[in-house]
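Protein chains in written order, with this note's numbering: chain S, 1 to 272; chain C, 1001 to 1426. In what follows, a single structure is set out as structure tokens and then discussed.
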Amino acid sequence: MSRETSRSDPASLRRPELLVPALLGGLVVVYVLVPVVAFLSRTGTAGVVAGLSEPGAQTAIRNSLLTAPVATAVATVSGVPLAYVLARRSFPGKRLVESLVVLPLVLPPVVGGAMLLTAVGRFTPIGRVAAAAGLPLTGSLLGVVLAQTFVAAPFVVVTARAGFGAIDERLEHASRSLGYGPVATFRNVSLPLARGSIIAGVVLTFARAIGEFGATMMVAYNPRTMPTRIWVKFISGGIDEIVPVAVALLVVALVVLTAVQRVGRVSTVVDR
Amino acid sequence: MTLELDSVSHRYGGDLAVDDVSFGVDPGELVGVVGPSGCGKTTLVRAIAGHLHPTAGRVLLRGRDVTGDPPESRRIGLGFQESTLYPHMTVAENVAYGVAARDDGPERREGVVSEHLELVGLADEREAYPGSLSGGQRRRVELARALAPEPDLLVLDEPLSALDRALRTRLREEIDRLHRETGVTTLFVTHDQTDALALSDRLVVMARGRVAAVGTPRELYESPPTPFVASFLGRSTVVRGRLVGTSPPRVAIGDTELTVEGGNTDRSVGETVTCHARPRRLSVRSDDGTASDGDGTASDGDGTASDGDGTASDGNGTASDGNGTASDGNGTASDGDGTASDDGASSQSLRGEVLAVEDAGRRYNVRVAVASDEELLIERTAAPPSVGESVAVDFPDGSVTLFGTDFEASGDPEGGTAATPPVRRD
């Protein structure tokens, strides 16, 4: 932020009509900021570097960095087309599909994990077949991906759907009449115009996936991801034990967020 | 025939939006499709462009049935009410988009884009993004984009509706010019009868999903085939009477008779009929019971000037005398008419009393009570008669169309919003 905007901001906040929303908004900011600062103030005593050099911590970080992008990719590849269909077509049972899509948002993740277990657990038909094929769906990285996808997929669907819905359908009609088929029209018109929303959805999905704990714990307690390791460490050693991995998680999330937003901002400049 | 619709019908669920519509568009023609909102125009556009598969009927382009073909294979250029320019592409990229789909090399594409941007006078804006253009510029880029791939048919769906009046007139002229310069066969869809009358070679009037009439704008305006067309295409005024003779039809209104010169009717003598006319085609002259004073006769050709004289003559006998003498030659004819109507013979005018004069800025709306319970609306550009004055209303040749008694009944209720409903007294 430039000096100019930071100087004009307090001035604009002084205007009485913005006083109440600013005060209320400030509450939220403080409410988030205080715990974060309090938590991070322990980094000095907790020995972040030492904690992160433990093999268990490194495995957890590696596992998270492997699974969350895969879960995000799976959710995006299937969720964006679904979002497009939901934005463009009405069909019998559409309400049901829409409810199913947002169900993981209202479900406690632990319950979601339990549901996944009843579907793909070791003793279910699907789980048995997969395990026999050498791809166990529980207690494996695959299980982690399944849990993360289940919980995080709604974010990209809901956000992308809003993005597609905001595009005037006639822009697509014009593209068709200008000689492009449905796939080319989706690629040339719908996708670029919904790009900002899709990117926002991908970011939210990734953030949710990499922080996923409840469902992951049910489906794949092992191998450890960052969140499950944080839980295990907390049980055994308390707050200071979890600070190193928590900081790592925070850094990863921030880096991804910044990187993706940078890409997103490039697109908005082109959009103009 | 470039476009032919063969009994096209479309249903949305239970609602019949388009009902058995058939008409054609010849190469190079500009055909207007006009009707009140909700009459099925947009459904028709979507069926023609291929964005909708009609429930029944066929769409033919250049004689080939394309009803089941996707939009991308139809070679139709589309223009919409709202801008559909791609905000993530520059003006030049937008125009090139359709050309690239039918590619014949980037060099030729560049030429086609420049040519079409020049055609709409926006060559300087090629690197601009649509967001930085004005509404009128966007509209023109959109026309360029639709025309650049050289479509067989240009379909414009309410292209002027979202614009203010001045811009609207300018763009209407622009569309007219583009049509003349490119010769592209055009279908122009609108709910605005002014746009439709001004632009079209031929007009298709739609009402409630059906074709109400097809004809040239003047034909349909001057001699509307149905009451709906009459009231939708412009202001109307009507007077009811009993048909007492045919070829030319004569109508008894009160105790006078109106001869409908240049009109015809398939009604039989004795039936009640409605005489329909455009208020601006009628003229009104003062009628003090003796001779008419030149005003009425001259008003047809030279309305403003002689109207002024006419009014002056009422207040200032001497000054108007000279004038009166000059027009006496003309006056004699209407004198004859006047006297004749007293005898019950037929004439082309009706006597009445001025009920009200409303100043609408660029014209006066004069309401005249004729016969016992009929009221006529006459538009005058200047010097209206005064309220209470006895006047004669002249009906020039071809100004009257005869309908049955169903005039009000068949006017589309929605038509009233776009066109002035017929003026009648209860």
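Even for Gly, the Cβ is constructed at its ideal location relative to N, Cα and C.
Excluding the 5 residues flanking C/Gly1121 on each side, which residues of the same chain have their C-beta closer than 8 Å to its C-beta?
In the second sequence, counting from the first residue as 1, residue 1121 of chain C sits at position 121. For C/Gly1121, where only same-chain residues beyond five positions count, the Cβ hits under 8 Å are Arg1140.
Contact set between S/Leu193 and chain C, taken where Cβ atoms lie within less than 9 Å
Taking the first sequence and counting its residues from 1, one reaches residue 193 of chain S at position 193. By Cβ distance, chain C contributes Tyr1086, Pro1087 and His1088.
For S/Phe96, is the classification buried or exposed, using 16 other Cβ atoms within 10 angstroms of its Cβ as the cut-off for buried?
Translated into positions along the first sequence, residue 96 of chain S becomes position 96. A quick correction: the sequence has Leu, not Phe, at residue 96 of chain S. Exposed: under 16 other Cβ atoms inside 10 Å.
Is any beta-carbon of chain D found at less than 9 Å from that of S/Ala166?
The chain inventory of the structure shown lacks chain D, comprising the protein chains S and C.
Exposed or buried, C/Ser1236, counting other C-beta atoms within 10 Å across all chains shown (16 or more means buried)?
The residue given as residue 1236 of chain C occupies position 236 in the second sequence. Buried, by the Cβ-count rule.
Cutoff 8 Å; reference C/Asp1157; Cβ partners in own chain excluding five residues on either side:
Here residue 1157 of chain C corresponds to residue number 157 of the second sequence, with the count starting at 1. Once the five neighbours on either side are set aside, the close Cβ partners of C/Asp1157 are Lys1041, Thr1042, Val1045, Leu1078, Gly1079, Phe1080, Gln1081 and Val1189.
Since S/Val189 and C/Tyr1086 should fall inside the 8 Å C-beta cutoff, what is the C-beta to C-beta distance between them, to a whole number of angstroms?
The residue given as residue 189 of chain S occupies position 189 in the first sequence. The residue given as residue 1086 of chain C occupies position 86 in the second sequence. Sure, about 6 Å apart at Cβ, within 8 Å.
Would you check whether the ligand NAP has a heavy atom nearer than 8 Å to the C-beta of C/His1053?
Ligands in the displayed structure: none, and consequently the ligand NAP is not present.
Starting from C/His1179, trace the beta strand (DSSP E) in both directions and tell me its first and last residue.
Position 179 of the second sequence, counting from 1, holds the residue named residue 1179 of chain C. Segment Arg1165 to Thr1182 is the alpha helix (DSSP H) holding C/His1179; no beta strand (DSSP E) there.
Reducing DSSP to helix, strand and coil, say where S/Asn188 ends up.
For the purposes of this step, residue 188 of chain S is taken as residue 188 along the first sequence, with counting starting at 1. Helix at S/Asn188.
Are the beta-carbon atoms of S/Met226 and S/Leu193 separated by less than 9 Å?
What you label residue 226 of chain S is simply residue 226 of the first sequence in a count that begins at 1. What you label residue 193 of chain S is simply residue 193 of the first sequence in a count that begins at 1. Not closer than 9 Å, so no.
Which chain S residues are close to C/Ala1101, counting only those with a beta carbon under 7 Å from its beta carbon?
Within the second sequence, numbered from 1, the residue matching residue 1101 of chain C stands at position 101. The answer, in chain order, is Leu178, Gly179 and Tyr180.
Applying the criterion that 16 or more other CB atoms from any shown protein chain within 10 Å of the CB defines a buried residue, is S/Phe186 buried or exposed?
In the first sequence, the residue the question calls residue 186 of chain S occupies position 186. So S/Phe186 ends up on the buried side.
Which value, in whole angstroms, describes the spacing of the CA atoms of C/Leu1003 and S/Ser78?
Looking up residue 1003 of chain C in the second sequence gives position 3. Looking up residue 78 of chain S in the first sequence gives position 78. Using only the alpha carbons, I get a separation of about 41 Å.
Do C/Pro1385 and C/Ser1286 have their CB atoms nearer than 9 Å?
The sequence position of residue 1385 of chain C within the second sequence is 385, counting from 1. The sequence position of residue 1286 of chain C within the second sequence is 286, counting from 1. For C/Pro1385 and C/Ser1286, yes; Cβs fall inside 9 Å.
Under the assumption that C/Arg1074 contacts C/Ala1092 (Cβ atoms under 8 Å), give the Cβ distance between them as a whole number of angstroms.
Translated into positions along the second sequence, residue 1074 of chain C becomes position 74. Translated into positions along the second sequence, residue 1092 of chain C becomes position 92. C/Arg1074 to C/Ala1092, Cβ: 25 Å. No contact.
One or two residues paired with C/Phe1403 in a DSSP bridge
Your numbering for residue 1403 of chain C matches position 403 in the second sequence. Its beta-bridge partners are C/Thr1274.
What does S/Val189 reach in chain C if we use C-beta pairs closer than 7 Å?
Walking along the first sequence from the start, residue 189 of chain S turns up at place 189. Within chain C, the residues Tyr1086 have their CB atoms less than 7 Å from the CB of S/Val189, given in chain order.
Under a CB-based cut-off of 9 Å, is S/Arg170 close to chain C?
In the first sequence, counting from the first residue as 1, residue 170 of chain S sits at position 170. Taking Cβ atoms only, chain C reaches closer than 9 Å to S/Arg170, which makes this a yes.
Is C/Pro1248 closer than 9 Å to C/Gly1270 when the C-beta atoms are compared?
For the purposes of this step, residue 1270 of chain C is taken as the residue at position 270 of the second sequence. For the purposes of this step, residue 1248 of chain C is taken as the residue at position 248 of the second sequence. With respect to the 9 Å criterion, C/Gly1270 and C/Pro1248 are not classified as neighbours on the basis of their beta carbons.
Step through the CB atoms of chain S and report whether any lies within less than 9 Å of the CB of C/Ala1049.
The sequence position of residue 1049 of chain C within the second sequence is 49, counting from 1. By the rule that beta-carbons nearer than 9 Å mark a contact, C/Ala1049 touches chain S.
Secondary structure, beta strand (DSSP E): runs of 3+ residues fully inside the segment 1209 to 1241 of chain C:
Listed in chain order, the complete beta strand (DSSP E) runs (minimum 3 residues) inside the segment 1209 to 1241 of chain C are 1210 to 1215.
Along the segment 1002 to 1024 of chain C, where does the CB come closer than 9 Å to a CB of chain S? Name the residues.
Residues: none.
When you compare only the Cα positions, how much space is there between S/Val30 and S/Leu24?
Numbered from its first residue, the first sequence carries residue 30 of chain S at position 30. Numbered from its first residue, the first sequence carries residue 24 of chain S at position 24. Spanning the two alpha carbons is a distance of roughly 10 Å.
C/Val1238 and C/Ile1253 closer than 9 Å at C-beta
Translated into the one-based positions of the second sequence, residue 1238 of chain C becomes position 238. Translated into the one-based positions of the second sequence, residue 1253 of chain C becomes position 253. In this structure, the beta-carbon distance from C/Val1238 to C/Ile1253 does not fall below 9 Å.
Do C/Met1001 and C/Val1021 have their beta-carbon atoms positioned less than 9 Å apart in this structure?
Indexing the second sequence from 1 puts residue 1021 of chain C at position 21. Indexing the second sequence from 1 puts residue 1001 of chain C at position 1. Pairing C/Val1021 with C/Met1001 gives a Cβ-Cβ distance that is not under 9 Å.
Could you name the residues of the same chain whose beta carbon sits closer than 8 Å to that of C/Gly1215, not counting the 5 residues immediately before and after it, in chain order?
Here the question's residue 1215 of chain C lines up with position 215 in the second sequence. Around C/Gly1215: Arg1202, Leu1203 and Pro1225.
C/Thr1256 to C/Gln1348 span [Cα, whole Å]
Taking the second sequence and counting its residues from 1, one reaches residue 1256 of chain C at position 256. Taking the second sequence and counting its residues from 1, one reaches residue 1348 of chain C at position 348. Spanning the two alpha carbons is a distance of roughly 10 Å.
Could you confirm whether any beta carbon from chain S is found closer than 9 Å to the beta carbon of C/Pro1279?
Here the question's residue 1279 of chain C lines up with position 279 in the second sequence. So no, C/Pro1279 is outside the interface.
Output needed in chain order: residues of the segment 121 to 150 of chain S with a Cβ under 9 Å from some Cβ in chain C.
Those would be none; no residue qualifies.
If we call anything under 9 Å between Cβ atoms a contact, is C/Leu1052 one with C/His1088?
Reading the second sequence from its first residue, position 52 is the one you call residue 1052 of chain C. Reading the second sequence from its first residue, position 88 is the one you call residue 1088 of chain C. Contact flag unset, no.
Contacts of S/Ala68 in chain C (Cβ-Cβ under 7 Å):
As a position in the first sequence, residue 68 of chain S is number 68, starting the count at 1. By Cβ distance, chain C contributes nothing, its closest Cβ being about 30 Å from S/Ala68, past 7 Å.
Answer yes or no: does any C-beta atom of chain C fall closer than 9 Å to that of S/Val263?
Within the first sequence, the letter at position 263 stands for residue 263 of chain S. Not closer than 9 Å to any Cβ of chain C, the Cβ of S/Val263 fails to qualify, so no.
Can you give me the Cβ contacts of S/Ile167 inside the same chain, cut-off strictly under 7 Å, excluding the 5 residues immediately before and after it?
Here residue 167 of chain S corresponds to residue number 167 of the first sequence, with the count starting at 1. Only Ser190, Leu193 and Ala194 meet the Cβ criterion.
Taking C-beta to C-beta, are S/Val111 and S/Val157 nearer than 9 Å?
The count along the first sequence starts at 1 and reaches residue 111 of chain S at position 111. The count along the first sequence starts at 1 and reaches residue 157 of chain S at position 157. In this structure, S/Val111 keeps its C-beta atom at 9 Å or more from the C-beta atom of S/Val157.
On the CB-based measure, 16 or more other CB atoms within 10 Å of its CB, does S/Thr118 come out buried or exposed?
Counting from 1 along the first sequence, the entry for residue 118 of chain S is found at position 118. Exposed, since its Cβ has fewer than 16 Cβ neighbours within 10 Å.
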